[in-house]
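**Student:** So the sequence shown is numbered by this note's numbering: it starts at 2 and just counts up by one. Yeah, the Cβ is synthetic: ideal placement off N, Cα and C, and Gly gets one too. Keep in mind it's a predicted model, so treat the numbers as computed, not measured.
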Amino acid sequence: MEWIPVVFVIFKGLVLGTGMFFAIKWHYDQGKKGKIQERRAVLRAAAKVAAIFFLSLLALGLLTYFIVTRLRLDLGLT
Numbered sequence: 002m003e004w005i006p007v008v009f010v011i012f013k014g015l016v017l018g019t020g021m022f023f024a025i026k027w028h029y030d031q032g033k034k035g036k037i038q039e040r041r042a043v044l045r046a047a048a049k050v051a052a053i054f055f056l057s058l059l060a061l062g063l064l065t066y067f068i069v070t071r072l073r074l075d076l077g078l079t
């Protein structure tokens, strides 16, 4: 009767070990498959973020300029 836990623990270790092996292998294979497409997607997203940032910066600068000229504020350095 004392050998049953030993067999169950060994069986559990084998099943979990096999499952972990195939899970790691599957994730590794999935990572290799989409590297180029993933890199393109990341570059495209980074370009969009940079474009939005620069456009918002330009819009903020123009808005500030128009508010300053409308209020006739003197921002000269002299």
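#1: In chain order, what residues of the same chain lie with their CB nearer than 7 Å to the CB of Val69, ignoring the 5 residues before and after it?
#2: At the level of alpha carbons, what is the spacing between Gly18 and Ile11?
#3: What's the gap between the Cα of Leu74 and the Cα of Gly62?
#4: Give the straight-line distance between the Cα atoms of Tyr43 and Gly20, rounded to the nearest whole angstrom.
**Tutor:** According to the structure data:
#1: Leu76
#2: 10 Å
#3: 15 Å
#4: Residue identity check: residue 43 is Val in the sequence provided, not Tyr. Distance between the alpha carbons of Val43 and Gly20: 31 Å.
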